[in-house]
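Going letter by letter, the sequence shown gives residues -17 to -1, 1 to 104 in mature numbering (1 follows the signal peptide of the UniProt record, and there is no 0). No residue lacks a Cβ here, since even glycine has one placed at the ideal position from N, Cα and C. Predicted model, so just to flag it, every value in this text is computed and none were measured.
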Amino acid sequence: MNRIALLCLLSLLAACAAAVQPDRRETAQASAAAISGLKAHRGIATHCERDSDCTVQDIGNCCGSYPACVRVDARPDPEAVASECAREGLAGICGFPDISTCTCVEGQCAAAGASQQENLR
């Protein structure tokens, strides 16, 4: 009887260990697209492993400048954002968060000390 219970337990553990984890790149791309929904924001990398992977950069929005926490090697293109906004006839809510420092939270760059709603996810 103990062998059967042990085999069941081992099978459950093996199933848990084999759970599929999402591809980090897919998660990062989804997070970047979620910044605004603009196509020009889709390629902005926001994934991280440590705080030093993150920095504040101007990613642009339909009003102009928009600082956000992104990877240090991210290459946002505020001009492409402005062009997309003009081409699509989009307007944005003007104003932006005051971000002085970024941190790595659950694998994504976020404003240090910000609430979940203030983070760009």
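- Excluding sequence positions up to five before and after leucine 73, its CB lies within less than 6 Å of the CB of Cys45, all in the same chain and listed in chain order.
- In this structure, threonine 84 keeps its C-beta atom at 8 Å or more from the C-beta atom of arginine 54.
- Annotation for aspartate 56: Ala28 place their beta carbon closer than 8 Å to its own, counting only its chain and skipping 5 residues before and after.
- Here serine 35 is actually not in contact with aspartate 41; their C-beta atoms are around 20 Å apart, not less than 8 Å.
- Per the DSSP secondary-structure output, arginine 54 pairs in a beta bridge with Cys37.
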